[in-house]
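Data block below; observations after.
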Amino acid sequence: MQLDGTASFDPETGTYYVSSVTLPYAAKLLKSSVPSVDYLREMTPVETMQGVPLWKPHYGRITPIDLNTGEHRWMT
90 MQLDGTASFD PETGTYYVSS VTLPYAAKLL KSSVPSVDYL REMTPVETMQ GVPLWKPHYG
150 RITPIDLNTG EHRWMT
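Printed below as a string of C-alpha cells:
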C-alpha cells in the first residue's frame with residue numbers, strides 16, 4: 090500500500106490508514122495586511138535547542154484505524 094498525502098482508505102477492510110509526522114514548531118501570530126483577515130500564523134520548525142536535537146526518531150508514523158469500531162489497529 091502506498092500512502093499518497095496524509096491518508097488512504099481500504100473499503101474492503103473498512104480501514105483508514107493515517108500518516109502523521111511529529112515535529113516541534115514555534116508559532117507566531119502576525120497582524121495581517123489583508124483587510125478581511127485580522128491575523129496570520131507563522132510556523133517555523135524548531136529542530137535543535139543550542140545544538141541539541143529536540144526529538145528523536147521515529148519522525149513519522151502510520152496508524153490504521155478501523156472505521157467500524159474506531160480502534161487503532163497498530164502504529165509504526
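Just so we're aligned: 135 in the working numbering is position 46 of the sequence shown, and the numbers increase by one with no gaps anywhere. Backbone N, C-alpha and C define an ideal beta-carbon position, used for all residues, glycine too.
- T152 places its beta carbon less than 9 Å from that of S109.
- Bounds of the beta strand (DSSP E) holding P134 are 128-134.
- When secondary structure is reduced to three states using DSSP, K145 falls in the coil class, being assigned neither helix nor strand.
- In terms of Cβ geometry, L129 and T137 do not form a close pair [threshold 9 Å].
- Nearest Cα to P100 within the set K117, L156, V141, G140: L156.
- When DSSP states are grouped into helix, strand and coil, T104 belongs to the strand group.
- With respect to P146, L112 sits apart: the two C-beta atoms are not nearer than 9 Å.
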